[in-house]
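K.L.:
Residue numbers (the working numbering): 17 to 103.
1. Compare the C-alpha of residue 26 against each of 32, 37, 19 and 20 and name the closest.
2. Spatial neighbours of residue 57 within its chain, please: C-beta separation below 6 Å, excluding the five flanking residues on both sides.
3. Using the DSSP secondary-structure output, state which residues sit across from residue 46 in a beta bridge.
4. Let me see if you follow: with CB-CB separation under 8 Å, is residue 41 close to chain B or not?
5. For residue 87, which residues of its own chain have a beta-carbon under 6 Å away from its beta-carbon, when the five flanking residues on both sides are left out?
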């Protein structure tokens, strides 16, 4: 069974002047799959490559997708990795 997830690592940054919390990308991401793949947090470019390799080897093209935990994570992930879907 394959269902890939890629998770961007973020950390809490200095709050804004009005006290709002801010988060920033660390430059690392983790790729996991129920088949046992777990890269741990590695450089985002390497994580994106591992995601693509595993997806191409194990998933039909329509199944490749990103599952961010939040809208903020989605924006951070897109900024870090770009679009990782296949047509």
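The beta carbon of each residue, even a glycine, is placed where N, CA and C say it ideally should be. Treat the numbers as computed from the prediction; the structure is a model and nothing was measured.
P.N.:
Reading it off the structure:
1. 37
2. The residues are 25, 44 and 46.
3. DSSP lists 23 as partners of residue 46.
4. The chain labelled as chain B is not found in the depicted structure, where only one protein chain is given.
5. Any reading at residue 87 must be qualified, since the residue scores a pLDDT of 49, below 50, and its modelled position is unreliable; the value itself is stated next. So the list is empty, once near-sequence residues are dropped.
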